[in-house]
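Note sheet for the following structure.
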Amino acid sequence: IQVPPDTDIWRPALSKHNFTAPYLYTVVPAARFQSVQVTVTAPWKTLYDQGGLVVAFPTNGHHHNNANLTRFIKAGIEFNDGAPALGVVATDILSDWSLSPITEQQQAGDKNAKATILVERDGTDAWVYVLEDGGRTRRALRQVTWAFNED
């Protein structure tokens, strides 16, 4: 995916809904969602360079209209403070952002990083993990307790 500058998926205020980054999507009814994972790698070099996956919960059943994608979980690698990090954004009303360090195993040279991110349903919660040791180990990055409350 080629990404133009100054795009993002983020809502820091009710008046600033930013769902402008390009994306590929598959529609899955919430009741059938179990998990999704992606492996991302890139030469991360500019503040907020990022790649990963988004699990969106569209309002009004309109998944193709970005204005209706107001509830989402975004997880992947994000460049911040001069280095790549594992980032998770959970947005119900407003976006809430967390960062976790990249391990030596995920570091693939100067400013390069590779990680496999897993989002998995657990009842009404969604758990975000990074898979390590070739997928044998899951490290929890975030629990999103509201994800499937409306299912």
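The sequence shown lines up with residues -1 to 149 when you count with the numbering used here.
All residues carry an ideal CB built from backbone N, CA and C; glycine is no exception.
Thr57 - DSSP class collapsed to helix/strand/coil = To locate residue 57, count along the sequence shown from 1; it is residue 59. Here Thr57 sits in helix by DSSP.
Own chain partners of Leu92 with C-beta closer than 8 Å, once the 5 adjacent residues on each side are dropped | The residue you call residue 92 lines up with position 94 of the sequence shown. Once the five neighbours on either side are set aside, the close Cβ partners of Leu92 are Arg9, Pro10, Ala11, Leu12.
Length-filtered (3 minimum) beta strand (DSSP E) runs lying within the stretch 79 to 111 = Restricted to the stretch 79 to 111, the beta strand (DSSP E) segments that are unbroken, complete and at least 3 residues in length are 81 to 89, 93 to 99, listed in chain order.
In the structure shown, what three-state DSSP assignment does Gly50 receive?
-> Mapped onto the sequence shown, residue 50 falls at position 52. Of the three classes helix, strand and coil, the one that applies to Gly50 here is strand, per DSSP.
Nearest neighbour of Asp6, chosen from Leu139, Gly121, Ala73, Ala81 [CA to CA] | Translated into positions along the sequence shown, residue 6 becomes position 8. Nearest of Leu139, Gly121, Ala73, Ala81 to Asp6, Cα basis: Ala73.
Quick one: grab the DSSP three-state call for Gly132.
-> Taking the sequence shown and counting its residues from 1, one reaches residue 132 at position 134. Helix at Gly132.
Mind checking Gln127: buried by the 16 CB within 10 Å criterion, or exposed?
-> The count along the sequence shown starts at 1 and reaches residue 127 at position 129. The amino acid at residue 127 is misidentified as Gln; the sequence shows Tyr. Label assigned to Tyr127: buried.
Backbone CA spacing between Ala83 and Thr114 [nearest angstrom] = Start at 1 with the first residue of the sequence shown, and residue 83 comes out as number 85. Start at 1 with the first residue of the sequence shown, and residue 114 comes out as number 116. Going by the C-alpha atoms only, they are around 13 Å apart.
Report the residue from Gly80, Leu45, Ala124 whose alpha carbon sits nearest the alpha carbon of Gln35.
-> Walking along the sequence shown from the start, residue 35 turns up at place 37. For the residues Gly80, Leu45, Ala124, the minimum Cα distance to Gln35 belongs to Ala124.
Phe164 to Val53, Cα distance in whole Å?
-> Past the edges of the chain, shown from -1 to 149, lies residue 164, and the structure says nothing about it.
Name, in chain order, the residues that DSSP records as bridge partners for Lys72.
-> By one-based count along the sequence shown, residue 72 stands at place 74. The partner list for Lys72 (beta bridge, DSSP) reads Val52, Val87.
Helix, strand or coil for Ala28 per DSSP?
-> As a first step, residue 28 must be located in the sequence shown, where it is residue number 30. Helix, per DSSP.
Verify whether the separation of the beta carbon atoms of Val86 and Ser98 is less than 9 Å.
-> Against the sequence shown, residue 86 aligns to sequence position 88. Against the sequence shown, residue 98 aligns to sequence position 100. Yes, Cβ-Cβ distance for Val86 and Ser98 is below 9 Å.
Please confirm whether Glu130 and Gln105 have their CB atoms less than 9 Å apart.
-> Translated into the one-based positions of the sequence shown, residue 130 becomes position 132. Translated into the one-based positions of the sequence shown, residue 105 becomes position 107. Taking 9 Å as the cut-off, the Cβ atoms of Glu130 and Gln105 do not count as close.
Between the Cα of Glu148 and those of Lys112, Asp90, Arg134, Thr101, spot the shortest distance and give me the residue it belongs to.
-> By 1-based counting over the sequence shown, the position of residue 148 is 150. With distances taken between Cα atoms, Glu148 lies closest to Asp90.
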